[in-house]
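A.B. asks:
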Amino acid sequence: MSASDALALRQIRAALLQSGGRQKLDLILNAPNPRELVQSLPAQELYLALLDIGLDDCAEIVAHASNEQFKFFIDASCWPRRDAPPDPRKIMRWLTLARDGGGATDHGMRRFHMKLASLDTELFSLLMRRELKVHDLTENEFPDYGDDVPTWTTPDRRYMIEFHEEGAPYAILKRLLDDLVAQNAFHVSRMLEALRWELPSELEETARRFRDGRLRDAGVPDLDEALAFVARPVRKKVKAGDTGTTAAADTKSTPSAGPRQEPTSAIALPFGTPPMLERAMHRLDDSDRAHAEEAIVYAANAALVGWQVQLDDPNELRPALTNARSLLSLGLELLSNGDESLAAQLLINEPVRAIFQAAMGELYRLQTRGRAVAQASRLPQATRATLLGPPYAALIDALHGTPPLIDGVRMHSTGPHAPESRAELQRAELLLDEAATMPALLAANGLTMEKLGAAIESAGVAASALRASDVFRALVICDLRRAEFSLADQQENGSPSPDGFVQQLDVRLRQGTDSLQLGPERVAGGRVADHLRAMLLA
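Counting along the sequence shown from 1, when you hit position 386 you're at 386 in my numbering, and nothing is skipped either side.
(1) Using 8 Å as the threshold, is the region 374 to 389 in touch with the region 330 to 350, meaning 3 or more CB pairs across them?
(2) Note the first and the last residue of the continuous alpha helix (DSSP H) segment covering Thr154.
(3) Using the Cβ count rule (16 or more neighbours within 10 Å means buried), how would you classify Pro274?
(4) Less than 8 Å separating the beta-carbons of Arg157 and Leu132?
(5) Measuring only the C-alpha atoms, how far is Asp212 from Glu202?
(6) Helix or strand or just coil, what does DSSP make of Val134?
(7) How is His417 classed by DSSP in three states: helix, strand or coil?
(8) Using CA coordinates, which residue listed in Leu97, Asp83, Ala15 and Gly102 is at the minimum distance from Arg35?
(9) Distance check for Asp407 and Gly108, CA to CA, integer angstroms please.
(10) My output table needs one value for Gln424: the three-state DSSP class, helix, strand or coil.
(11) With Asn67 and Met114 assumed to form a contact (beta carbons below 8 Å), what rounded beta-carbon distance in angstroms separates them?
(12) Would you check whether the ligand MN has a heavy atom nearer than 7 Å to the C-beta of Pro233?
(13) Take the Cβ of Pro32 as the centre, count every other Cβ of all protein chains shown within 10 Å, and call the residue buried at 16 or more, exposed below.
(14) Quick check on DSSP: helix, strand or coil for Glu162?
(15) Can you name the start and end residues of the alpha helix (DSSP H) that Ile406 belongs to?
(16) Roughly how many whole angstroms lie between the Cα atoms of Arg482 and Gln503?
(17) In this structure, does DSSP put Asn140 in helix, strand or coil?
(18) Among Phe356, Thr121, Ile348 and His164, which residue has its Cα nearest to the Cα of Arg209?
(19) Can you tell me the Cβ-Cβ gap for Glu198 and Ser125, rounded? I've got them flagged as a contact below 8 Å.
(20) Whose C-alpha, out of Val528, Leu27, Leu537 and Glu141, is nearest the C-alpha of Ala8?
(21) Are the beta-carbon atoms belonging to Pro404 and Gln367 less than 8 Å from one another?
(22) With a cut-off of 8 Å, do at least 3 Cβ pairs link the region 427 to 445 to the region 511 to 519?
(23) What residue from Ala359, Ala534 and Pro390 has the CA that sits closest to Arg467's CA?
(24) Whole angstroms are fine: how far does the CA of Met281 sit from the CA of His164?
(25) Where does Ala393 land, buried or exposed, given buried means 16+ other C-beta within 10 angstroms?
(26) Just verifying my parser: in three-state terms, what is the DSSP assignment at Ser341?
(27) Excluding the 5 residues flanking Phe356 on each side, which residues of the same chain have their C-beta closer than 7 Å to its C-beta?
(28) Would DSSP call Pro200 helix, strand or coil?
(29) Compute the Euclidean distance between the alpha carbons of Leu55 and Pro221, then round it to the nearest angstrom.
(30) With distances taken between CB atoms, is the gap from Arg522 to Leu432 smaller than 8 Å?
(31) Using only the alpha-carbon positions, how far apart do Gln548 and Leu317 sit?
(32) Determine the DSSP secondary structure at Arg318, reduced to helix, strand or coil.
(33) Taking Gly101 as part of the alpha helix (DSSP H), name the residues at either end of that continuous run.
(34) Give the secondary structure of Cys78 by DSSP, where H, G and I count as helix, E and B as strand, and everything else as coil.
(35) Have a look at Ala376 and Gly219 and give me their C-alpha separation to the nearest angstrom.
(36) Among the residues of its own chain, which have a CB less than 6 Å from the CB of Phe73, if the five just before and after it don't count?
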């Protein structure tokens, strides 16, 4: 490929990444040579573009795909789980797209037959075995089958096929059999005979082995290696005299671009600054960028496999791929201490697993802290719910997931996501600081978790429905009534506040914050008090 062709391809690939849905389809089909463009794209990149467009609109693109790309589509999307066989309906869908997209011309049929021939015989055998029953007419000229069951007979009158009623549509399967016979009738007879005797487990094991090998060649790691990417990093004791008591240990990798530095506090960058991964990529030349792109794809694939994302579900794929890139950005920023030049060197010289693990280590650290905060804010009767309301509850829930994520730290947050910068990590830390002070604010006002547990038993309130803001509202109202604290008949959120509510609320919040230690804890408590005040007076 010439330099100008490579540049044009990069530009189109960049445009495809930045576009979505119908725009992707138009970019591909309106290209000067759509087939050449399609076959020049990496198989996984093309596959993700098809999912983004929607498979129902992609028949022509699927027909343009090379045999290797087509095999990747089936390998990626038709095996739903590690311990499950391929899904016959999904295989049939891809075959139908490839056939219909090429049209009924001789050229289109030849391309479709080449795709058929490239697929594993074992995969076809599994497909047919689950969708039909084979009768040998030389053994029984009049086999027993239902009156309404559709059938098909081979041209040599040797075999009759009985289609399962609950299987794939008869017309699609019959057309596939006709295509296979037109391609190689003798091969079809051998396959049908084998279907009568071969065990499904042996066919599945062989087909899976071929599929796994192709995926590894395409940069998709096996499960064990993928789990090493997304697992909690191993920690080891450091030598006497070193700073700290533990350190992340990846014995296979040490940053080659210089000594690993402890990250400083997050630096405030201008709004809209691209993530570190993107900034580091811009500093690379063409050859280094190609090497880095391969590493990024491998890390993304490892994340998809390790997180057990359904590879044919765009609603699962999109956020997972975004999270994987965010974690690579965070890892680069942590290891480079925010130095773009060093981040670019790390992207080339450091194993991508070490970069990814640096970020995963921070997420798992936040997860451990989040669990401790949640436990301290949980009533005795609750199994998972806490007294924490938004945004703290959203962050705790996101950290509790697999993989651990964060929430509530972006100005326009769209839900749980992986942090892409130290600034987002720092904002998550600040939210956890605030959440950790909530039980202390309540205890300073005489309301421990045990006392609150007794109060909800007496009032018949569900533990999962109670929040700290509800407790402070009930506490202030009881003060104004000169009554013992109770959660019975508490004023609902949004109801008019009684006279003196604001002043007494300030007294209670100040009593809580004054009990906290001077320094970060007192500062966090002040922010929580402001948050509660805003919620109760809204």
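All residues carry an ideal CB built from backbone N, CA and C; glycine is no exception.
C.D. replies: Let me lay it out:
(1) They do not touch, by the three-pair rule.
(2) Locating residue 154 in the sequence shown gives position 154, where the first residue counts as 1. Unbroken run through Thr154: none, as it is neither H nor E.
(3) Locating residue 274 in the sequence shown gives position 274, where the first residue counts as 1. Answer is exposed; the Cβ neighbour count stays below 16.
(4) Here residue 157 corresponds to residue number 157 of the sequence shown, with the count starting at 1. Here residue 132 corresponds to residue number 132 of the sequence shown, with the count starting at 1. The Cβ atoms of Arg157 and Leu132 lie no closer than 8 Å to each other.
(5) As a first step, residue 212 is located in the sequence shown; it is residue number 212 there, counting from the start. As a first step, residue 202 is located in the sequence shown; it is residue number 202 there, counting from the start. Going by the C-alpha atoms only, they are around 15 Å apart.
(6) Along the sequence shown, one-based indexing puts residue 134 at 134. DSSP places Val134 in strand when its eight states are reduced to three.
(7) Within the sequence shown, numbered from 1, the residue matching residue 417 stands at position 417. Three-state result, His417: strand.
(8) Locating residue 35 in the sequence shown gives position 35, counting from the first residue. Looking at the Cα atoms, Gly102 is the closest of the given residues.
(9) For this step, residue 108 is matched to residue 108 along the sequence shown. For this step, residue 407 is matched to residue 407 along the sequence shown. Approximately 49 Å, taken between the alpha carbons.
(10) In the sequence shown, the residue the question calls residue 424 occupies position 424. One detail in the question is off: residue 424 reads as Glu in this sequence, not Gln. Of the three classes helix, strand and coil, the one that applies to Glu424 here is helix, per DSSP.
(11) Within the sequence shown, residue 67 is the residue found at index 67, counting from 1. Within the sequence shown, residue 114 is the residue found at index 114, counting from 1. Contact check for Asn67 and Met114: beta-carbon distance about 6 Å, within the 8 Å limit, so the pair qualifies.
(12) Looking for the ligand MN in the displayed structure turns up nothing, as the structure carries no ligands at all.
(13) Here the question's residue 32 lines up with position 32 in the sequence shown. Classification for Pro32: exposed.
(14) Here residue 162 is taken as the residue at index 162 of the sequence shown, counted from 1. The DSSP-derived three-state label of Glu162 is strand.
(15) Reading the sequence shown from its first residue, position 406 is the one you call residue 406. Taken as a continuous stretch (DSSP letters only), Ile406 belongs to no alpha helix (DSSP H), as it is neither H nor E.
(16) As a first step, residue 482 must be located in the sequence shown, where it is residue number 482. As a first step, residue 503 must be located in the sequence shown, where it is residue number 503. Their backbone Cα atoms lie some 15 Å apart in a straight line.
(17) In the sequence shown, the residue the question calls residue 140 occupies position 140. In this structure, Asn140 counts as coil in the three-state DSSP scheme.
(18) The count along the sequence shown starts at 1 and reaches residue 209 at position 209. Nearest in C-alpha terms to Arg209, of all of Phe356, Thr121, Ile348 and His164, is Thr121.
(19) Within the sequence shown, numbered from 1, the residue matching residue 198 stands at position 198. Within the sequence shown, numbered from 1, the residue matching residue 125 stands at position 125. In this structure, Glu198 and Ser125 form a Cβ contact; the two beta carbons are roughly 7 Å apart against a cut-off of 8 Å.
(20) By 1-based counting over the sequence shown, the position of residue 8 is 8. Selection Val528, Leu27, Leu537 and Glu141 evaluated against Ala8 yields Leu27 as nearest (Cα-Cα).
(21) For the purposes of this step, residue 404 is taken as the residue at position 404 of the sequence shown. For the purposes of this step, residue 367 is taken as the residue at position 367 of the sequence shown. Yes, the pair counts as a contact, with Cβ atoms nearer than the cut-off.
(22) Yes, since at least three Cβ pairs between the region 427 to 445 and the region 511 to 519 fall closer than 8 Å, the two stretches touch.
(23) What you label residue 467 is simply residue 467 of the sequence shown in a count that begins at 1. With distances taken between Cα atoms, Arg467 lies closest to Pro390.
(24) Position 164 of the sequence shown, counting from 1, holds the residue named residue 164. Position 281 of the sequence shown, counting from 1, holds the residue named residue 281. In this structure, the alpha-carbon of His164 lies about 53 Å from that of Met281.
(25) Stepping through the sequence shown from its first residue, residue 393 is reached at position 393. The residue in question, Ala393, is buried, as its Cβ has 16 or more Cβ neighbours within 10 Å.
(26) Sequence index remark: in the sequence shown, residue 341 carries index 341 (1-based). Reduced to three states, the DSSP call for Ser341 is helix.
(27) As a position in the sequence shown, residue 356 is number 356, starting the count at 1. Taken in chain order, the residues that qualify are Phe229, Ala299, Leu327, Leu328 and Gly331.
(28) Here residue 200 refers to the residue found at position 200 of the sequence shown. Of the three classes helix, strand and coil, the one that applies to Pro200 here is helix, per DSSP.
(29) Within the sequence shown, residue 55 is the residue found at index 55, counting from 1. Within the sequence shown, residue 221 is the residue found at index 221, counting from 1. So the two alpha carbons sit approximately 25 Å from each other.
(30) Numbered from 1 along the sequence shown, position 522 holds the residue referred to as residue 522. Numbered from 1 along the sequence shown, position 432 holds the residue referred to as residue 432. No, the pair does not count as a contact, with Cβ atoms beyond the cut-off.
(31) Absent from the structure is residue 548, since the part of the chain shown begins at 1 and ends at 538.
(32) On the sequence shown, position 318 is the one that residue 318 refers to. In this structure, Arg318 counts as helix in the three-state DSSP scheme.
(33) For the purposes of this step, residue 101 is identified with residue 101 of the sequence shown, where counting begins at 1. First-last of the alpha helix (DSSP H) with Gly101: Pro88 to Gly101.
(34) Translated into the one-based positions of the sequence shown, residue 78 becomes position 78. In the three-state reduction of the DSSP assignment, Cys78 falls in the coil class, being assigned neither a helical nor a strand state.
(35) Translated into positions along the sequence shown, residue 376 becomes position 376. Translated into positions along the sequence shown, residue 219 becomes position 219. Spanning the two alpha carbons is a distance of roughly 44 Å.
(36) Counting from one through the sequence shown, the residue named residue 73 turns up at place 73. Residues of the same chain with a CB within less than 6 Å of the CB of Phe73, apart from the 5 flanking positions on each side, are Tyr47 and Trp94 in chain order.
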